[in-house]
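**Student:** Below you will find the structure I want to go over with you.
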Amino acid sequence: MDRPPPLVNAVYYPSWRVYKDIPPSSLRLDKISTIFYAFAIPQPDGSLGFLDEYADAQIDVDAEHGCLDALAGVKRDNPHVRTVLSIGGGAGSGAFAQIASTATGRTAFAQAARAWVHRYSFDGIDIDWEHPASPAEGRDYVLLLQACRAVLPSPQYLLATALPVDPSVLGRLDVRGVAALVDHINLMCYDFAGPWSTSAGHHAQLLAPPHLPSAQSGVQYLLDRGVPPQRILLGIPAYARVFLGARYEGDSFQKGTTDDDDDDEKEETELDYRDVPTEWKQQGVLHVDPSRAAAWAVVPRRRGKGSGSAFVSMDVPATVRAKAEFVRRAGLGGLFYWTGAGDAVETGESLVAAGFDALHGY
1 MDRPPPLVNA VYYPSWRVYK DIPPSSLRLD KISTIFYAFA IPQPDGSLGF LDEYADAQID
61 VDAEHGCLDA LAGVKRDNPH VRTVLSIGGG AGSGAFAQIA STATGRTAFA QAARAWVHRY
121 SFDGIDIDWE HPASPAEGRD YVLLLQACRA VLPSPQYLLA TALPVDPSVL GRLDVRGVAA
181 LVDHINLMCY DFAGPWSTSA GHHAQLLAPP HLPSAQSGVQ YLLDRGVPPQ RILLGIPAYA
241 RVFLGARYEG DSFQKGTTDD DDDDEKEETE LDYRDVPTEW KQQGVLHVDP SRAAAWAVVP
301 RRRGKGSGSA FVSMDVPATV RAKAEFVRRA GLGGLFYWTG AGDAVETGES LVAAGFDALH
361 GY
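See below:
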């Protein structure tokens with residue numbers, strides 16, 4: 001009887017984090033199986049471009065020029081780590097619809113992706129098209145994956161794709177057909193609430209009442225449509241969302257100050273987990289609901305023009321362990337984190353380490 005594949009504990013590494021002195025080598029490499037490099041940007045002719053050429057290919061980092069070569073060095077020094085080129089992203093998906101609409105565009109894209117894989121020693125690619133906007137684009141999306149798989153055959157190469165939990169998006173896709181082509185569906189189980197919401201809420205809960213989004217509901221949607229569970233990676237945010245002026249889930253909240261405001265007046269509404277103040281995680285401030293695998297804190301507003309409190313939704317090691325146990329029970333493929341660079345690597349509170357240890361029964 002074949003042994004099941006090892007559980008994946010993957011992270012995204014965005015090149016712009018190098019400007020915060022967080023190079024690829026700073027990741028918790030002993031607890032990571034796969035690194036998704038974000039992002040290459042698809043061009044209308046099917047070619048790929050840099051998101052930030054200086055960060056990607058020029059800046060001095062880890063004794064290399066650019067984060068792409070630095071990541072190749074990480075892989076060379078850590079042969080257990082697989083690296084994957086993520087293409088697109090929330091701000092970089094504009095050309096996908098045009099590319100995927102013709103056989104010529106799909107072929108050009110697949111060949112360009114294969115060239116980048118070979119140039120930078122990647123193990124494969126991740127299609128992060130956010131998001132096909134119609135059933136026709138959903139069909140083109142599957143055709144694009146087919147073109148990529150044709151030039152990046154399994155098992156030599158990894159092919160992954162990132163999908164949201166939102167059923168209105170998933171409903172445009174033949175998700176079973178997608179699963180037949182890819183190794184991983186990176187299910188983005190976060191951003192269930194944020195600045196766009198009408199009330200404060202948990203932004204990455206595992207379980208929730210039926211009227212609210214949750215990781216479990218997204219997983220179940222895929223399973224109900226024939227997606228093999230081992231294809232699904234459950235996404236975990238290594239960042240907190242802050243709802244200013246709120247104390248409880250469901251409260252109204254105030255929007256944060258804008259980028260045009262003076263730096264001294266800014267008040268974060270999103271915060272890397274590594275930057276979450278220690279006092280927010282202390283007993284009596286941090287709350288964990290085991291029935292939902294959701295954590296939150298109610299804290300004084302840090303700065304800005306307002307007063308009062310803020311409701312902070314975030315994952316912590318306890319909720320990550322609960323999600324890892326869910327992955328094990330459901331037979332899913334593993335976990336991934338947006339982003340590994342946002343993790344509290346240098347403390348005993350690493351989300352990536354908590355997930356790895358729970359996945360492997362430590």
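Start counting the sequence shown at 1; every next residue gets the next number (the UniProt record's numbering). Backbone N, C-alpha and C define an ideal beta-carbon position, used for all residues, glycine too. The model shown is predicted, which means the values in this text are computed figures rather than measured ones.
Between which two residues does the beta strand (DSSP E) containing R241 stretch?
**Tutor:** The residue labelled residue 241 in the question sits at position 241 within the sequence shown. Y239 to L244 is the span of the beta strand (DSSP E), which, as asked, contains R241.
**Student:** Would you report the Cα separation of I232 and H184, rounded to the nearest angstrom?
**Tutor:** To locate residue 232, count along the sequence shown from 1; it is residue 232. To locate residue 184, count along the sequence shown from 1; it is residue 184. Those two C-alpha atoms are separated by around 6 Å.
**Student:** Have a look at D77 and A70 and give me their C-alpha separation to the nearest angstrom.
**Tutor:** Looking up residue 77 in the sequence shown gives position 77. Looking up residue 70 in the sequence shown gives position 70. Whole-angstrom Cα-Cα distance: 11 Å.
**Student:** How should G90 be labelled, buried or exposed, when 16 other C-beta atoms within 10 angstroms of its C-beta is the threshold for buried?
**Tutor:** Numbered from 1 along the sequence shown, position 90 holds the residue referred to as residue 90. Exposed, since its Cβ has fewer than 16 Cβ neighbours within 10 Å.
**Student:** Would you report the Cα separation of L158 and A240, rounded to the nearest angstrom?
**Tutor:** Stepping through the sequence shown from its first residue, residue 158 is reached at position 158. Stepping through the sequence shown from its first residue, residue 240 is reached at position 240. Spanning the two alpha carbons is a distance of roughly 30 Å.
**Student:** So I87 is in the beta strand (DSSP E); what residue range does that whole segment cover?
**Tutor:** Sequence index remark: in the sequence shown, residue 87 carries index 87 (1-based). Taken as a continuous stretch (DSSP letters only), the beta strand (DSSP E) holding I87 covers R82 to G88.
**Student:** Between the C-alpha atoms of V182 and L152, what's the straight-line distance to the nearest angstrom?
**Tutor:** Reading the sequence shown from its first residue, position 182 is the one you call residue 182. Reading the sequence shown from its first residue, position 152 is the one you call residue 152. Those two C-alpha atoms are separated by around 11 Å.
**Student:** Taking the DSSP output, what are the residues bridged to S313?
**Tutor:** Taking the first residue of the sequence shown as position 1, residue 313 is located at position 313. For S313, which the question treats as bridged, DSSP gives the partners R241 and W296.
**Student:** Quick check: what's the CA-CA separation for A180 versus A57?
**Tutor:** Within the sequence shown, residue 180 is the residue found at index 180, counting from 1. Within the sequence shown, residue 57 is the residue found at index 57, counting from 1. The alpha-carbon atoms of A180 and A57 are separated by roughly 34 Å.
**Student:** Using DSSP with H/G/I as helix, E/B as strand and the rest coil, what is P42?
**Tutor:** Position 42 of the sequence shown holds residue 42. If DSSP states are grouped into helix, strand and coil, P42 belongs with the strands.
**Student:** What is the residue span of the alpha helix (DSSP H) that T104 lies within?
**Tutor:** Looking up residue 104 in the sequence shown gives position 104. A103 to R119 is the extent of the alpha helix (DSSP H) around T104.
**Student:** Using 8 Å as the threshold, is the segment 165-178 in touch with the segment 220-239, meaning 3 or more CB pairs across them?
**Tutor:** Verdict: yes, contact present.
**Student:** Going by the DSSP bridge assignment, what does P164 pair with across the sheet?
**Tutor:** Residue mapping note: residue 164 aligns to position 164 of the sequence shown, counting from 1. Per DSSP, M188.
**Student:** Identify the residues that DSSP records as bridge partners of F50: which are they?
**Tutor:** Counting from one through the sequence shown, the residue named residue 50 turns up at place 50. DSSP output for F50 lists A40 as bridge partner(s).
**Student:** Please report the straight-line C-alpha distance between T258 and P6, rounded to a whole angstrom.
**Tutor:** Stepping through the sequence shown from its first residue, residue 258 is reached at position 258. Stepping through the sequence shown from its first residue, residue 6 is reached at position 6. Confidence in T258 is poor, its pLDDT being 43 and thus under 50, which makes the residue's placement unreliable; the coordinate value appears in the next sentence. Computed Cα separation, rounded: 44 Å.
**Student:** Alpha carbons only, please: which of S350, G333 and E346 is nearest the one belonging to V8?
**Tutor:** Here residue 8 refers to the residue found at position 8 of the sequence shown. Cα-wise, what sits closest to V8 is G333.
**Student:** Following the continuous alpha helix (DSSP H) through P135, name the residue where it begins and the one where it ends.
**Tutor:** For the purposes of this step, residue 135 is identified with residue 135 of the sequence shown, where counting begins at 1. First-last of the alpha helix (DSSP H) with P135: P135 to V151.
**Student:** Which residue wins for smallest C-alpha separation from L48, given the options D21, C67 and G92?
**Tutor:** The residue labelled residue 48 in the question sits at position 48 within the sequence shown. Residue G92 is the option with its Cα nearest to L48.
**Student:** Return helix, strand or coil for A344, following the three-state DSSP convention.
**Tutor:** Reading the sequence shown from its first residue, position 344 is the one you call residue 344. In the structure shown, A344 sits in coil (DSSP, three-state: anything other than H, G, I, E or B).
**Student:** Between D260 and the rest of its own chain, which residues show a CB-CB distance below 7 Å, the 5 nearest in sequence each way excluded?
**Tutor:** Position 260 of the sequence shown holds residue 260. Any reading at D260 must be qualified, since the residue scores a pLDDT of 43, below 50, and its modelled position is unreliable; the value itself is stated next. No residues qualify anywhere along the chain.
**Student:** Rank H118, A97 and E325 by C-alpha distance to the C-alpha of L145 and give the top, closest one.
**Tutor:** Taking the sequence shown and counting its residues from 1, one reaches residue 145 at position 145. If we check each option's Cα against that of L145, A97 comes out closest.
**Student:** Return helix, strand or coil for D60, following the three-state DSSP convention.
**Tutor:** Reading the sequence shown from its first residue, position 60 is the one you call residue 60. D60 falls in the strand class under three-state DSSP.
**Student:** If I follow the unbroken beta strand (DSSP E) through V288, where does it start and stop?
**Tutor:** By one-based count along the sequence shown, residue 288 stands at place 288. From DSSP, the beta strand (DSSP E) with V288 extends over L286 to D289.
**Student:** In whole angstroms, what is the alpha-carbon distance linking L244 and Y273?
**Tutor:** For the purposes of this step, residue 244 is identified with residue 244 of the sequence shown, where counting begins at 1. For the purposes of this step, residue 273 is identified with residue 273 of the sequence shown, where counting begins at 1. Spanning the two alpha carbons is a distance of roughly 17 Å.
**Student:** What residue from S26, G361, P210 and A72 has the CA that sits closest to D343's CA?
**Tutor:** In the sequence shown, the residue the question calls residue 343 occupies position 343. Nearest of S26, G361, P210 and A72 to D343, Cα basis: S26.
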